[in-house]
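Q: Here it is, the structure in full.
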Amino acid sequence: MSFENFFSPKSVAIVGASQKEGKVGYEILKGMIEAGFDGNIFPINPKAESIQGLKCYGDLESIGQTPDLVIIIVPAKVVPGIMQQCAKVGVKAVIIITAGFKEVGEQGRELEQKISQIARQAGIRMIGPNCLGLIVPENKLNASFGGKLPAIGSIGYLSQSGALLTAILDMANASGIGFSKLVSIGNKADVDELDLIGALAHDPSTKVIAGYLENIKDGNAFVREAEQISQKKPILLVKSGGTSAGAKAASSHTGSLAGSETAYEAVFERAGIIRCDSIRSQFDYAQVLAYQPLPKGKSVAVITNAGGPGIMATDAIIRQGLDFAEMTDNTVTKLTAVLPAAANCHNPIDVLGDALADRYETALDVVLDDPNVDAVLVMLTPQAMTQAAKTAEAIVKIARRKREKPVITCFMGADKVAEATTILREGNIPQIGDTQSAVAALRVMTDYVRWLARPKRVVKLFPVNRRKVETIVHRHLRQGAREIAENESKEILEAYGFVTPKGEIAATADQAAAIATQLGFPVVLKIWSPDILHKSDVGGVQIGLKSAREVRDAFDLMMYRIPKKMPDAHILGVLVQEMCSGGKEVILGMKRDPNFGPLMMFGMGGTMVEVLKDIAFYLAPLTADEARQMLVKTRTYQMLKGVRGEEGVDIDALAEGLQRLSQLVTEFAQIQELDINPYMIGPEGTTPIAVDARISVEEV
Numbered sequence: 182m183s184f185e186n187f188f189s190p191k192s193v194a195i196v197g198a199s200q201k202e203g204k205v206g207y208e209i210l211k212g213m214i215e216a217g218f219d220g221n222i223f224p225i226n227p228k229a230e231s232i233q234g235l236k237c238y239g240d241l242e243s244i245g246q247t248p249d250l251v252i253i254i255v256p257a258k259v260v261p262g263i264m265q266q267c268a269k270v271g272v273k274a275v276i277i278i279t280a281g282f283k284e285v286g287e288q289g290r291e292l293e294q295k296i297s298q299i300a301r302q303a304g305i306r307m308i309g310p311n312c313l314g315l316i317v318p319e320n321k322l323n324a325s326f327g328g329k330l331p332a333i334g335s336i337g338y339l340s341q342s343g344a345l346l347t348a349i350l351d352m353a354n355a356s357g358i359g360f361s362k363l364v365s366i367g368n369k370a371d372v373d374e375l376d377l378i379g380a381l382a383h384d385p386s387t388k389v390i391a392g393y394l395e396n397i398k399d400g401n402a403f404v405r406e407a408e409q410i411s412q413k414k415p416i417l418l419v420k421s422g423g424t425s426a427g428a429k430a431a432s433s434h435t436g437s438l439a440g441s442e443t444a445y446e447a448v449f450e451r452a453g454i455i456r457c458d459s460i461r462s463q464f465d466y467a468q469v470l471a472y473q474p475l476p477k478g479k480s481v482a483v484i485t486n487a488g489g490p491g492i493m494a495t496d497a498i499i500r501q502g503l504d505f506a507e508m509t510d511n512t513v514t515k516l517t518a519v520l521p522a523a524a525n526c527h528n529p530i531d532v533l534g535d536a537l538a539d540r541y542e543t544a545l546d547v548v549l550d551d552p553n554v555d556a557v558l559v560m561l562t563p564q565a566m567t568q569a570a571k572t573a574e575a576i577v578k579i580a581r582r583k584r585e586k587p588v589i590t591c592f593m594g595a596d597k598v599a600e601a602t603t604i605l606r607e608g609n610i611p612q613i614g615d616t617q618s619a620v621a622a623l624r625v626m627t628d629y630v631r632w633l634a635r636p637k638r639v640v641k642l643f644p645v646n647r648r649k650v651e652t653i654v655h656r657h658l659r660q661g662a663r664e665i666a667e668n669e670s671k672e673i674l675e676a677y678g679f680v681t682p683k684g685e686i687a688a689t690a691d692q693a694a695a696i697a698t699q700l701g702f703p704v705v706l707k708i709w710s711p712d713i714l715h716k717s718d719v720g721g722v723q724i725g726l727k728s729a730r731e732v733r734d735a736f737d738l739m740m741y742r743i744p745k746k747m748p749d750a751h752i753l754g755v756l757v758q759e760m761c762s763g764g765k766e767v768i769l770g771m772k773r774d775p776n777f778g779p780l781m782m783f784g785m786g787g788t789m790v791e792v793l794k795d796i797a798f799y800l801a802p803l804t805a806d807e808a809r810q811m812l813v814k815t816r817t818y819q820m821l822k823g824v825r826g827e828e829g830v831d832i833d834a835l836a837e838g839l840q841r842l843s844q845l846v847t848e849f850a851q852i853q854e855l856d857i858n859p860y861m862i863g864p865e866g867t868t869p870i871a872v873d874a875r876i877s878v879e880e881v
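For any residue, its number in the numbering used here is found by taking its place in the sequence shown, counting from 1, and adding 181.
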C-alpha cells in the first residue's frame, strides 16, 4: 500500500477540532499550525466559525474538496458516522485518535469492527483507533498531540503505545535526536506494525526502523517480511508483554519451557531484528546504525585521555565478545612520533590528560588508517585543560574525511561536555555517555553485520514415510485422543529416520521377564499409561535391570505403588526396553506457538532439563547452520565437544536430528508438542537413539 496520503498530505481535515485549550482537538490543531504545515488545514466543528485563526467547517462535505488525510477526534460512538462521511467524499487515509474501542471491552470491540468494515468497503486505510497520531518532521506535519515537532533525522519510529511515544519524543528533543517519521499505531484495526515497517523500508528518508510493540498481529507474515526488510535496513524493536501464564500449563518439558517471550526471541533472531531492552539503548543503537558505516570486522581501537576509562572500555570490549584491535607496527611508530613520550601508543591509546584537540585529531587520523582496526571508540574526560568542543569538531572533521569505519564517542560528564555533545550529534557522530552502552552499540553493529553475512537459508528435505505418520495422527484425531503413546510416538520418529530402542509391552511380571530375556540384559522398565506423561515423577522408570528376577520385582513394585499415587490413571502394562548406554543425554523438542508456528528446542536431556534450563530455541524449518547454532548456544555444547580428554559426540548427527524433527513438525501442523528425551548421542560413527518420546496432536 502507498502511505503518501499519510506521510505527504497536501491537505488535512481535523474532525473534532476544539476551541478549548487543553482539549486534544485543540492541541492537534495547534501542533499542525506551529509546525508550519505547508498544506491546507480544515478544522471540522459545526459549533464554531473559526478556531486559532482558521475557518471552521460543519462537516467534511462542506469543505468542497477531498482532504488527503482526515484526523478524527470525536466520541467513539460518533466515529462510525464520520467514517461514513469519509467514504462519501472519497477520503483514502484516516487517523482515529479517539479511544473507547476494543481496549474497553466487548461493546468497544463491536464498534471497532464496524468502523473497520466501513474502511474496507470504501478502500480507506486507517491508523488507530486509540492512538497518538502521526509526525513527519521533514514535511512539517505534526498530526498528533505529542508535543513539538522533533528534529529531522533518519530514524523511522512506530509505537503501539501512544503515551510512551510522548516520552520518546521528549527524550529525543532533549537529546537532539531526529526522526524521519513517527507513528502511533494504537489498536491496529487496519494499519499494523508490518504495514508500517514495510512503508518505512521503502521510505528514502529512513535509514533505521525502530519501534515499540506489545504484540504482533500476523506472526508468519511478520517473520517472512521482516527478514527481507532487515537485509536492507536494520530493525530495532523494544518488545514488552512477553510473559505467558499459559506456558506453566503446558504438558511436556518443551511446553513448560517455551513461553511467548521465547518465541519472540526466536522470531527476532530469524528475522535479523535487534531486540532492545530499553528506549535509551534503542536510541544508542539507532544512532550508530543510521549515521555510521558498518564495520567490516569486530576489532575495536580505543583513544582516551585517561587510563581508567581506557581500562573500562577494554573490559567492556572483551565482555561484549568484540576483539581488542592489535595495531600494526607502522601505526605504533606513527603514534610514537606524534604523541608525548609518556603517552601509550598501543591499544588503548592514551593521549594523556593534557591532550588538546590537535592531539586527539592526530591520533584518530592515524588509527583509522590501521588495517587491523574495524571501529574506533573515542573517550574523553573533561579535565581542566581539555578542549571538549574543539575536540568534538576535530573528530567530526576526521570522520567525514575517512568514512570507511565507524567512529563513536564517549565523552563522559555533563555540563562540561554539553556543547561538545551538540557538535558531535550535529556532525552525525553518535555520542553515548557511558562506556558499557557505547561498547554495546558497537557489538550490535557487528551482530548485524554477522547476520547480513549469514549463509543463504537452504532447508534440506530428507526422504521420509509420511503415509505412516498420517495414519497414526489421523487415527488419534478421529478418536479424540490428544496424546500419542510412546510406542506410536517412536513409530512416527522412525518414519522420519530416527532410530529407537527395541521393546515390547508386558501385562504381567512373567511376560516382562520373558521379553527382557529375549532382548538381552540389562533392560529398562517404563510404566505404560496414556494418563502418565512424566513417568519418572511417579516412579514409573526403572533402569539397569540385570536379571529376570529384578525385572519381575520392578514390575510388581510399579504395579503396587503407581496406582496409589495416581488412582485415576488407566495403566495398560509396562514397556520392557533394551538399555541404551555409552552416550550423552540431550533433549530435542518442539512447541507450536499459535502466532509463529513450530518452535524447536535443544538442551541437556534427562530429568534435570527444567531445573538446569540449558536450552536453545529456534523457529522451524531449520537449516543445517541454524541447527548447529542451536547447539553452540548452550553450555551443553562444550561437554558434547569433549572436555579433559573425553571423546566428543557426533555433532553433525545431532544437528541432523534437529533438522529431521524440524521437517516432521513443519509437514504436520497437527503436532502441537513433541519431546525426545533423552536423545542418546555417541561419538562420531555411532547411531543416535531416541530413547523416550511423546507427541501431542490437535485438529487444525
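For every residue, glycine included, the Cβ atom is placed at its ideal position computed from N, Cα and C.
In the DSSP assignment, find the beta strand (DSSP E) that holds residue 723 and state where it starts and stops.
A: 722-726 is the extent of the beta strand (DSSP E) around residue 723.
Q: How far does the beta strand (DSSP E) with residue 759 in it extend, from its first residue to its last?
A: Looking at the DSSP string, the run of the beta strand (DSSP E) that includes residue 759 is 754-759.
Q: Determine the burial state of residue 308: buried for a count of at least 16 other Cβ atoms within 10 Å of its Cβ, exposed for fewer.
A: So residue 308 ends up on the buried side.
Q: To which residues of the same chain is residue 406 closer than 8 Å at the C-beta, ignoring the five residues directly before and after it?
A: Excluding positions up to five away in sequence, the list reads 375, 378, 379.
Q: For the ligand FMN, I want to know if residue 341 counts as a neighbour, meaning its beta carbon is within less than 7 Å of at least one of the ligand's heavy atoms.
A: Ligands are entirely absent from the displayed structure, and the ligand FMN is therefore not among its contents.
Q: Under a Cβ-count criterion, where at least 16 other Cβ atoms within 10 Å of its own Cβ denotes burial, should residue 256 be classed as buried or exposed?
A: Residue 256 comes out exposed.
Q: My parser needs the beta strand (DSSP E) runs of 3 or more residues fully inside the segment 476-519; what are they?
A: For the segment 476-519, whole beta strand (DSSP E) runs of length 3 or above, ordered along the chain, are 480-485.
Q: Please go through the same chain and pick out, in chain order, the residues whose beta-carbon is closer than 7 Å to the beta-carbon of residue 557, but skip the five residues on each side of it.
A: Within the same chain, residue 557 has close Cβ partners 482, 484, 545, 548, 549, 586, 588.
Q: By the DSSP assignment, the alpha helix (DSSP H) with residue 457 in it spans what residues?
A: Counting along the chain, residue 457 falls outside any alpha helix (DSSP H), and DSSP gives it neither H nor E.
Q: According to DSSP, residue 311 sits in a beta bridge with which residue or residues?
A: Looking at the DSSP assignment, residue 311 forms no beta bridge with any residue, so it has no partner.
Q: Which class does residue 713 belong to by DSSP, given the choice of helix, strand or coil?
A: Note: residue 713 maps to coil in three-state DSSP.
Q: Taking the runs of the alpha helix (DSSP H) that are 4 residues or longer, which of them lie wholly in the segment 523-551?
A: The segment 523-551 contains these whole alpha helix (DSSP H) runs: 538-549.
Q: May I have the straight-line CA-CA distance separating residue 733 from residue 452, to the nearest angstrom?
A: Roughly 55 Å separates the two Cα atoms.
Q: Applying the 10 Å Cβ sphere with the 16-neighbour rule, what's the burial state of residue 612?
A: Burial call: buried.
Q: According to DSSP, simplified to helix, strand and coil, what is residue 599?
A: Three-state result, residue 599: helix.
Q: Got a sec? Which residues, its chain only, sit under 7 Å from residue 536 by beta carbon, not counting five neighbours each side?
A: Cβ neighbours of residue 536 beyond the five flanking positions: 486.
Q: Keeping to the same chain, check which residues put their C-beta closer than 6 Å to that of residue 281; ignore five residues upstream and five downstream.
A: The answer, listed in chain order, is 257, 289.
Q: Does the separation of the CB atoms of residue 475 and residue 630 fall below 8 Å?
A: The answer is yes: Cβ separation under 8 Å.
Q: Report yes or no: do the segment 563-576 and the segment 463-470 share at least 3 C-beta pairs separated by less than 8 Å?
A: Cβ pair count under 8 Å is below three, so no.
Q: Is it right to say residue 186 is buried, meaning 16 or more other beta carbons lie within 10 angstroms of its own, or is it exposed?
A: By the neighbour-count rule (16 or more Cβ atoms within 10 Å), residue 186 is buried.
Q: If we count the other Cβ atoms within 10 Å of its Cβ and call it buried at 16 or more, is residue 514 buried or exposed?
A: It counts as exposed.
Q: Do residue 825 and residue 856 come within 8 Å of each other at the CB atom, strictly closer than that value?
A: In this structure, residue 825 does not lie closer than 8 Å to residue 856 by Cβ.
Q: Using the C-alpha atoms, what's the distance from residue 277 back to residue 271?
A: Approximately 17 Å between the Cα atoms of the pair.
Q: By DSSP, does residue 777 sit in helix, in strand, or in coil?
A: Of the three classes helix, strand and coil, the one that applies to residue 777 here is coil, per DSSP.
Q: Assuming contact is defined by CB atoms lying nearer than 8 Å, are residue 778 and residue 800 in contact in what I supplied?
A: Taking 8 Å as the Cβ cut-off, residue 778 and residue 800 qualify as a contacting pair.
Q: Look at residue 705 and residue 660 and say whether their C-beta atoms are less than 8 Å apart.
A: Going by C-beta atoms, residue 705 is not nearer than 8 Å to residue 660.
Q: Please report the distance separating the alpha-carbon of residue 598 from that of residue 315.
A: Straight-line Cα distance between these residues: approximately 33 Å.
Q: Hey, would you say residue 240 sits closer than 8 Å to residue 227, going by beta carbons?
A: Cβ atoms of residue 240 and residue 227: closer than 8 Å.
Q: Report all residues from its chain with a CB closer than 6 Å to the CB of residue 473; omit the five preceding and five following residues, and keep chain order.
A: So the list reads 587, once near-sequence residues are dropped.
Q: Could you tell me the distance, in whole angstroms, from the CA atom of residue 541 to the CA atom of residue 533?
A: Residue 541 and residue 533: Cα-Cα distance of roughly 10 Å.
Q: With DSSP run on the structure shown, which of helix, strand or coil describes residue 301?
A: Residue state, collapsed to three classes: helix.
Q: So, using beta-carbon positions, are residue 528 and residue 506 closer together than 8 Å?
A: For residue 528 and residue 506, yes; Cβs fall inside 8 Å.
Q: Among 762, 622, 634, which residue has its Cα nearest to the Cα of residue 682?
A: Closest option to residue 682, Cα to Cα, is 762.
Q: For the alpha helix (DSSP H) that residue 816 lies in, which residues bound it at each end?
A: No alpha helix (DSSP H) contains residue 816, which DSSP labels as neither H nor E.
Q: Return the bridge partner residues of residue 194 from the DSSP annotation.
A: The partner list for residue 194 (beta bridge, DSSP) reads 223, 251.
Q: Let's test the definition: count the other Cβ atoms within 10 Å of the Cβ of residue 335 and tell me whether it reaches 16, buried, or not, exposed.
A: When all chains shown are included, residue 335 counts as buried.
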